[in-house]
Every structure is written in C-alpha cells, then in structure tokens.
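Presented below is the structure to which this report refers.
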Amino acid sequence: MVTRPGSARLSLGAPLLVAASTTLVCAATWVGDPTTPGGPLPVCPTKALLGIDCPGCGSARMLYSLMHGNMLAAARFNALGLVALVLLVWAYGAWTFGRVTGRPVRGWQHQRWAAAVTLVLVAAWFVVRNLPFAPFTALYV
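38 is the number of the first residue of the sequence shown in our numbering; add one for each residue after it.
Structure representation (structure tokens):
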C-alpha cells in the first residue's frame, strides 16, 4: 500500500529503468538487423567458437522478427526464447503491479519448481537443437 505522496513514483523507478533498458535493447536490435549476415551485432560466441547452437542462439533474430510482426520467423529462430520472453513479460508485469500497489505479487519465478523446470528445458533445448538428423536439423540457426 502506498502511504506517502510521491512514493508510488519512487516505487516505479526500478520498473521504469528496466522498461527503458529494454527499449534501448529493442532499438539497437531494430537498427542492427541481426538477420543480415556481417551486420553490426556480434555473432554468438558459442556458435563462433564451437560451431554449435547454444540455447540463446537466434534470440536477437527472434526479437527482430517479433518486432516486425513475424511470429513464425521468431519461433523458427528461437522457440524457447519466445516462451522465455512471454514469461519475462509476465514476471515484469507482476513485479510492476506489486511495486505500484505495495502488495507483493507472487510470479511464476517464485514457485518452488521454477528453477528446476527452467534448467531442464534449457538443457533439453540445447541438446535437441543440435541433433544432427531430421527433423531436428530444422532447428539450426
């Protein structure tokens, strides 16, 4: 509960900082166009050094495609990243709502199972997207 005038504005400082940072990342991704080979955005170090796709490979291209309204291309570049983005927006909304109302809102990330499920999904995605036979070769980015 907000008890002092102006304290709601102070409680929104951190969420606004996160929103501003996210906007800057999206703007850099939009301008950088990661779908263009040899562009200004760096290649994933795992892909460059080891030649395999890490769980995050394709995330910049996924974000770029999503910002251009191409959901299928976004899912093609990084399906797990797309799911993670939805969960991050949900967590951000719960956190911001809790900061505004003064009542903590328990998001999905506070559940007992969240860390284990996240670890298993990321590990499975890492393995599955690097399998060298069809239909998994379609997951290469």
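Just so it is clear, CB atoms sit at the ideal spot from N, CA and C, and this is done for glycine as well.
Pairing ARG136 with PRO52 gives a Cβ-Cβ distance under 7 Å. A distance of 7 Å or more separates the beta carbons of VAL62 and PHE114. Rounded to whole angstroms, ALA85 and GLY139 show a C-alpha spacing of 46 Å.
In the structure shown, HIS105 adopts coil according to DSSP, grouped into three states. In this structure ALA128 is in contact with GLN146, their Cβ atoms being roughly 5 Å apart against a cut-off of 8 Å.
Contact fails between the region 53-60 and the region 84-100, because fewer than three Cβ pairs, one in each stretch, are under 8 Å apart. For the options LEU122, PHE134, LEU100 and GLY75, the alpha carbon positioned closest to that of THR155 is the one of LEU122.
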